[in-house]
Amino acid sequence: MDIPVKKLTRLLKPDQPVDVRAAAVVVFAELGVKDAEAAAELVARLDDESDAVRVPAIRAVGTLKIAKALPVLLDRIKGGGEEAALAAEAAAKLGAPAITALHTLMHQVVPGVRRYIAAALAGGGGSGAEVGASVLLEKDPQVTAAAAAAIIGRIPAMSPEQRADLAAGLVALSTNKKTKLPAASELPVVKVLASLNDPAAAAALWEWVLPPHSADVRAAALQAVGGWVQTPTKEQWRRLFACAAETEFRIAAPALMVLGRLPGAEKHVAEWVTLLRAPDMAARRLAMEKVGERDTEEVAIALMEQLGHPDRGVREAARARLVKLDHGRAALASAVGTAATADEAWSLARSLAPFFKTFPEEVKSSLLKQACTYLEADDHRADPLLFLLREADASALRNELFDRAVAKRKKKDYDTALQYLKLLARDPAAGFPMRLELAMGGLKLSSKDVAAESRANDHCLRHFEYAIGQNAAGVIEQIEKAKWLTEDDLFYLGFHFAERSGNEKDFGVAVLKQVVKASPRSKLGTAAKNKLKSVAADS
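Using UniProt numbering, read the sequence shown as starting at 1 and increasing by one per residue.
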């Protein structure tokens, strides 16, 4: 159809209402009308008093590629603001001379305006694409960031060939040994290459994953290569593990994501074990998932180190794996015996308890020896060790402790013997011989004060009461065999029980008679005779 250009042009005149002028501008742009008179009027509308007209006019001159608008657009760019950004976009569509002018202008305006020009150059398409890519080499971070954002926004509309060409161009720029990329260009270039999603750029991006590049650059490069790598080379494995061990989480995180999905942990056990000592707990958790079930000494040692980690989750995860490994259980057992505090030892002992019964006898013997050392030093770290040994074989532990008590007593180390015997007495399963040994050991260390109040507070006499109640004849028999009990010990024992009644009195009388028989003419013998007479008189 015929377009009434003259009538439409008349609607652009300044004497028309604002809304009419604005509508006419939009119509010209949509219809793509190319007319000299209309073009001149559209250029004039760039200076319209109303922004409702100026803004669509700026867009229209770019759409219609009205070259005569370039000087006005360049002036508008210099002024900054929203219209400056629109003017830069419009100018970028006006052909090679406009692109050159924009590139020149970018170095003449304030930094805040440069980003508008950079974005326009990078997003202009056509001949502006090459200039836009070159803008990424600017030293102003705002300029390069704006250019990268514009290029990335244009990528979905690019053909595969255009994407490949852009990727190849950026790779060439980044790998040019004669012209090093400015620091401000590294991150934008990496972001564009990542957005292009072209595996051909992988080799260049791998060069950015390690220092001295900035953390942002390294993180972006790792995220990019992470989407492509399937079978890393030896060097790529090394770089991934190095990044995963970083203190910066934004660097460690993408490396961990790549490592997490890659198979082949068995080929890199040493690297995974090293990662168990990484500063970030996410790295440690992943390493535990990868090699935490390998039953080797190096893995067990590294897992043991996690038990001191401040994060409870890491500690529990390591402990859960250690108890399933032979080397892990051995390491835990060793750690229980060398724990710095009783609380630490208890924590380890509770983890080991369900499995300790299956431990080798040499491990149990070692822990028993350590437990006895702690017990004799009155160190509470003995308790968790004894708990473990009791869980494994309570009867064997009782017998071993009793044998040690008897051995100490035979060496006349009555204090130490009594420590073992008191421990045994807390066990409900401790039998008559153990409790009688405790009573006799206590008698040996008693003050033997025959005053009634002192005897009432003497624990060894309470133990004898219990033993007599169980088997009075057996107590007498053992007393007669106990050559290590002196006449002083026996007199005190007989003196106390001779004042009682029933079996206890009979026991006391029998013990006093034993004293008389052993030394009838001694002072103790005489005192025993006198006591026997006094209790006989009472009966």
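Built from N, CA and C at the ideal position, the CB exists for glycine as well. Values in this document were obtained by computation on a predicted structure and should not be read as measured data.
Spatial distance of residue i from residue j (CA atoms)
i, j, result
"glycine 125", "lysine 180", "Note that glycine 125 scores a pLDDT of 49, beneath 50, so its modelled location is shaky and nothing firm can be said."
"leucine 421", "serine 534", "35 Å"
"valine 20", "valine 113", "32 Å"
"glycine 81", "valine 273", "56 Å"
"serine 214", "proline 310", "29 Å"
"valine 450", "alanine 371", "37 Å"
"arginine 312", "proline 141", "43 Å"
"proline 4", "leucine 46", "22 Å"
"glutamate 161", "lysine 6", "43 Å"
"serine 195", "threonine 231", "22 Å"
"isoleucine 151", "methionine 158", "10 Å"
"leucine 303", "valine 323", "11 Å"
"residue 541", "isoleucine 301", "The structure shown does not extend to residue 541, since the chain is modelled only from 1 to 539, so the question has no answer here."
"glycine 474", "arginine 390", "28 Å"
"alanine 172", "lysine 178", "11 Å"
"alanine 36", "serine 174", "45 Å"
"alanine 318", "alanine 430", "37 Å"
"leucine 375", "aspartate 415", "12 Å"
"valine 515", "aspartate 427", "33 Å"
"serine 522", "phenylalanine 491", "12 Å"
"serine 127", "valine 25", "Model confidence at serine 127 stands at a pLDDT of 43, short of 50, so the residue's coordinates are unreliable and nothing is read from them."
"leucine 262", "lysine 34", "59 Å"
"isoleucine 66", "methionine 106", "21 Å"
"alanine 331", "alanine 339", "12 Å"
"threonine 341", "alanine 377", "14 Å"
"asparagine 176", "alanine 204", "11 Å"
"aspartate 15", "alanine 22", "13 Å"
"glutamine 236", "glycine 226", "11 Å"
"alanine 129", "alanine 270", "Its pLDDT being 46, under 50, alanine 129 is placed unreliably by the model, and the measurement read from it follows with that caveat. So the two alpha carbons sit approximately 47 Å from each other."
"leucine 259", "proline 212", "22 Å"
"glutamate 453", "glutamate 361", "49 Å"
Selection from the options that minimises the alpha carbon distance to residue i
i, options, result
"valine 229", "Glu477, Asp198 and Ala333", "Asp198"
"leucine 325", "Thr486, Phe359 and Val314", "Phe359"
"arginine 54", "Glu37, Tyr414 and Ala84", "Ala84"
"methionine 434", "Leu401, Arg462 and His459", "Leu401"
"glutamine 306", "Ala287, Lys357 and Arg398", "Ala287"
"arginine 76", "Asp48, Gly95 and Leu388", "Asp48"
"proline 138", "Pro156, Arg154, Ala118 and Lys517", "Reading off the sequence, residue 138 comes out as glutamate, not proline. The candidate whose alpha carbon is nearest that of glutamate 138 is Ala118."
"methionine 440", "Arg409, Ala452, Val225 and Ala317", "Arg409"
"threonine 296", "Asn176, Glu266 and Gly508", "Glu266"
"aspartate 458", "Leu438, Val291, Gly469 and Gln470", "Leu438"
"valine 314", "Pro156, Gln236 and Ala278", "Ala278"
"leucine 210", "Ala456, Ala270, Ala242 and Tyr466", "Ala242"
"lysine 369", "Leu352, Ser351, Leu397 and Leu11", "Leu397"
"glycine 308", "Met281, Ala482, Ala245 and Leu193", "Met281"
"glutamate 316", "Ser351, Arg294 and Ala335", "Ser351"
"lysine 78", "Thr100, Pro111 and Ser50", "Pro111"
"asparagine 399", "Asp379, Lys505 and Ala425", "Ala425"
"arginine 455", "Ala482, Leu436, Arg500 and Ala528", "Arg500"
"histidine 496", "Pro520, Thr526 and Leu532", "Leu532"
"alanine 482", "Ser365, Arg238, Arg154 and Leu436", "Leu436"
CB of residue i within 7 Å of CB of residue j, strictly
i, j, result
"proline 254", "leucine 222", "yes"
"alanine 252", "alanine 283", "yes"
"valine 299", "alanine 333", "no"
"alanine 164", "alanine 201", "no"
"glutamate 89", "alanine 120", "yes"
"leucine 102", "alanine 87", "no"
"lysine 93", "alanine 148", "no"
"alanine 57", "valine 18", "no"
"alanine 417", "alanine 405", "yes"
"asparagine 503", "alanine 536", "no"
"phenylalanine 356", "leucine 388", "yes"
"aspartate 413", "leucine 443", "no"
"leucine 493", "valine 511", "yes"
"glycine 292", "arginine 250", "no"
"glutamate 480", "leucine 524", "no"
"serine 185", "threonine 144", "yes"
"alanine 244", "leucine 256", "yes"
Assumed close pair residue i, residue j - CB separation to whole angstroms, cut-off 8 Å
i, j, result
"leucine 70", "alanine 98", "5 Å"
"leucine 42", "valine 61", "6 Å"
"leucine 367", "glycine 337", "5 Å"
"alanine 146", "arginine 115", "4 Å"
"glutamine 470", "phenylalanine 507", "Not really, about 12 Å apart at Cβ, beyond 8 Å."
"serine 447", "cysteine 460", "Not confirmed; about 10 Å, so no contact."
"arginine 59", "alanine 96", "That belief does not hold up - the Cβ atoms of arginine 59 and alanine 96 are roughly 21 Å apart, past 8 Å."
"tryptophan 208", "valine 217", "5 Å"
Proximity test, Cβ basis, 7 Å: residue i and chain B
i, result
"aspartate 449", "Given the protein chain composition of this structure (a single chain), no chain B is represented."
Would you call the stretch 372 to 385 and the stretch 339 to 349 touching, i.e. three or more CB-CB distances under 8 Å?
yes
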